[in-house]
Amino acid sequence: MAIEKQVTEEEEPVSPFARLLSLPGLDVFNVITIGCKTECDPSTIVEGLKNTLINHPRFSSILLTGHGEHNGKAKWIPTEVKVEDHVTVPDIDPDIENPDEFLENYTSDMALSPMDMSKPLWEFHILNIKTSYAEVVAVARFHHSLGDGMSLMSLLLACTRKTCDPEALPTFVVPKQTKAKNACWDTAIHLMGKPGATLSCNKFIHKIISLDDVKRVKNVMNMTINDVLFGMVQAGLSRYFNQRYGLETTTNPRKSLDKICLHGVVFFNLRPNRDIEDLANMMAKGSKCRWGNSVGYVLLPLWIKSENDILEYVRQAKTTMDRKKLSLEPLFSYGLLKLTMELFGLKALKNLVKRIFGSTTIIFSNVVGPAEEISFFGHQISYIAACTFGFPQAMVISIQSYVDKLIINLSVDLDVIPDPHHLCDLIIESLGMMMNSAPKKIFHASEV
Numbered sequence: 003m004a005i006e007k008q009v010t011e012e013e014e015p016v017s018p019f020a021r022l023l024s025l026p027g028l029d030v031f032n033v034i035t036i037g038c039k040t041e042c043d044p045s046t047i048v049e050g051l052k053n054t055l056i057n058h059p060r061f062s063s064i065l066l067t068g069h070g071e072h073n074g075k076a077k078w079i080p081t082e083v084k085v086e087d088h089v090t091v092p093d094i095d096p097d098i099e100n101p102d103e104f105l106e107n108y109t110s111d112m113a114l115s116p117m118d119m120s121k122p123l124w125e126f127h128i129l130n131i132k133t134s135y136a137e138v139v140a141v142a143r144f145h146h147s148l149g150d151g152m153s154l155m156s157l158l159l160a161c162t163r164k165t166c167d168p169e170a171l172p173t174f175v176v177p178k179q180t181k182a183k184n185a186c187w188d189t190a191i192h193l194m195g196k197p198g199a200t201l202s203c204n205k206f207i208h209k210i211i212s213l214d215d216v217k218r219v220k221n222v223m224n225m226t227i228n229d230v231l232f233g234m235v236q237a238g239l240s241r242y243f244n245q246r247y248g249l250e251t252t253t254n255p256r257k258s259l260d261k262i263c264l265h266g267v268v269f270f271n272l273r274p275n276r277d278i279e280d281l282a283n284m285m286a287k288g289s290k291c292r293w294g295n296s297v298g299y300v301l302l303p304l305w306i307k308s309e310n311d312i313l314e315y316v317r318q319a320k321t322t323m324d325r326k327k328l329s330l331e332p333l334f335s336y337g338l339l340k341l342t343m344e345l346f347g348l349k350a351l352k353n354l355v356k357r358i359f360g361s362t363t364i365i366f367s368n369v370v371g372p373a374e375e376i377s378f379f380g381h382q383i384s385y386i387a388a389c390t391f392g393f394p395q396a397m398v399i400s401i402q403s404y405v406d407k408l409i410i411n412l413s414v415d416l417d418v419i420p421d422p423h424h425l426c427d428l429i430i431e432s433l434g435m436m437m438n439s440a441p442k443k444i445f446h447a448s449e450v
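Position 22 (the sequence shown) corresponds to 24 in the numbering used here; numbering is contiguous.
Here it is, written out as structure tokens:
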């Protein structure tokens, strides 16, 4: 009786958005790939997680969804965690013929597999294979009910330390502040999919480019890194549509790229304080820190056009995002979702979310990573790639910075995007075209 009473007192209610993201058919996961420069010791990873991650209450609790049980009351129930049950080390041939393709397939199978709801909703897989970008790869999967993408990434980075100073937490380059602070840039875009189709990603790839190349375009055009990245995506998608659907050579104006109207949804992190020190203290000392899914959204059009000037995609990205950043739309949208839940219940919230996002098929996100090299429980990291899985969109484009690198991660439905490597190449090639074009534009302007 004493034990049962103690567990009951420690139970925590589940937030409305956590309940929404755990509904049958709406299970959403965050998948994070960590490339390491050295061989990995699984026992060290397990011991490190015991001293950090499971000290967070969400990572040492079972989610009781309440679907058809306990009068519909959803709760987080504390439990004893055996970390070894959450860390998998598959037996892989180190001389495997195509390790990059193996990683893509393994990540896809891992993301698509159901998660055991009888234990805390997180797991790590350590793959002892050498890929193009790493000596060893660790893939983590977190259920979205644990927290939004920004919170989960920040918490994971709070488990790391600087390579040059093993006791110091990572440092970040803080972006310019706007009224809508800490933009997480999760963008959803309607593509040319079948109306009403329910789509999900089943292929994961990532490629790495130079952050300095993006900064070069940013500095020449006097814009932000977000503007350049969003412009790259718009340019890459425009070129992809032209090539995929033969719009460049068609004489039928109905098939012109300029006739395509795409709209997106950008999610903004509304949490006022996301200092990594607070998250580290939460795990080490049990201190309090605002946690959960706390995001608002804005609706925006995408510039999918046939442009002779490649830099026009960046200018349009800046115009659109500057207008949205200065609006109160993220706060109002968050309030709408919360009010709908409080007044009409979870079913109404689910229907509202489906109405808002049901016609979209792409999610785009950009997250600022550490400015210096870091290690994960003594293992030096070469890159970090993150993505979200479980929404009905046909493609997720996630961009993560790390030191002087940008990691572009694509998650796609192969029925809609059968050639994701080509699409990723077009996005990257757009950056090269911008770099070649930017100096000419500036030189021409100085002569006028």
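Glycine is no exception: its CB is placed at the ideal position from the N, C-alpha and C atoms.
- Separation of the CB atoms of Thr133 and Phe379 is rounded to 20 Å, and the pair is thereby denied contact status at 8 Å.
- DSSP places Glu314 outside any beta strand (DSSP E); the residue lies instead in the alpha helix (DSSP H), whose first and last residues are Glu314 to Lys327.
- Ala387 has Thr35 as its beta-bridge partners, per DSSP.
- Taking C-beta atoms as the reference points, Val316 and Asp229 count as a pair closer than 7 Å.
- Residue pairing of Leu264 in beta bridges, as defined by DSSP: Leu304.
- Residue state for Gln395 is assigned as coil, using DSSP reduced to three classes.
- Remark: C-beta atoms of Leu412 and Met234 do not approach each other more closely than 7 Å.
- Within a 10 Å sphere around the beta-carbon of Arg241 sit 16 or more other beta-carbons, which makes this residue buried.
- Less than 7 Å divides the Cβ of Ile376 from the Cβ of Lys164.
- Its chain contains Ala113, Arg143, Cys389 and Phe391 as the residues whose beta carbon lies nearer than 6 Å to that of Val33, once the 5 sequence neighbours on both sides are disregarded; these appear in chain order.
- Under the 10 Å beta carbon count, Cys166 is surrounded by fewer than 16 other beta carbons and is classified as exposed.
- The beta carbons of His58 and Met285 sit closer together than 7 Å.
- Distance from the CA of Val418 to the CA of Leu425, rounded to the nearest whole angstrom, comes to 12 Å.
- The shortest C-alpha to C-alpha distance from Tyr385 to any of Ile98, Leu55 and Tyr404 is the one to Tyr404.
- Taken atom to atom, the span from the alpha-carbon of Asn438 to that of Ser367 is near 26 Å.
- Secondary structure at Tyr299: strand, using DSSP grouped into helix, strand and coil.
- Within the same chain, Cβ atoms closer than 7 Å to the Cβ of Thr109 are found at Val33, Thr35, Val141 and Phe206, the five residues on either side in sequence being excluded.
- In the three-state reduction of the DSSP assignment, Ser439 falls in the helix class.
- In terms of Cα proximity to Lys407, the closest of Val355, Gly238, Tyr135 and Leu328 is Tyr135.
- Cβ neighbours of Pro101 within its own chain (closer than 7 Å, five residues either side excluded): Ile131, Lys132 and Thr133.
- Secondary structure of Ala350 (DSSP, three-state): helix.
- Burial check for Ser400: the Cβ neighbour count within 10 Å reaches 16 or more, so the residue is buried.
- Judged by beta-carbon spacing, Leu416 lies within the 7 Å limit of Asn204, meaning their Cβ atoms are closer than that value.
- Judged by their CB atoms, Pro122 and Val89 are not nearer to each other than the 7 Å cut-off.
- The C-beta distance from Pro303 to Thr321 rounds to 11 Å, too long to fall under 8 Å, and the pair is not in contact.
- Under DSSP, Asn271 takes part in a beta bridge, and its partners are Val297.
- With 16 or more other Cβ atoms from the protein chains shown falling within 10 Å of its own Cβ, Ser63 counts as buried.
- The secondary-structure analysis by DSSP pairs Pro80 across a beta bridge with Ser63.
- In the DSSP annotation of this structure, Ala113 is not part of any beta strand (DSSP E); the continuous alpha helix (DSSP H) holding it starts and ends at Pro101 to Leu114.
- Assignment of Leu408 by DSSP, reduced to helix, strand and coil, places it in the strand class.
- Excluding residues up to 5 positions away in sequence, Arg163 and Lys164 lie with their Cβ nearer than 8 Å to the Cβ of Ala170 in the same chain.
- In this structure Ile429 is buried. Its beta-carbon is surrounded by 16 or more other beta-carbon atoms within 10 angstroms.
- Glu125 sits in a strand when the DSSP states are folded into three classes.
- According to the DSSP assignment, Thr162 belongs to the beta strand (DSSP E) that extends over Thr162 to Lys164.
- Minimum Cα-Cα distance from Ile94 among the listed residues Asp87, Asp43, Leu105 and Val85 corresponds to Leu105.
- With fewer than 16 neighbouring CB atoms inside 10 Å of its own CB, Lys349 falls in the exposed class.
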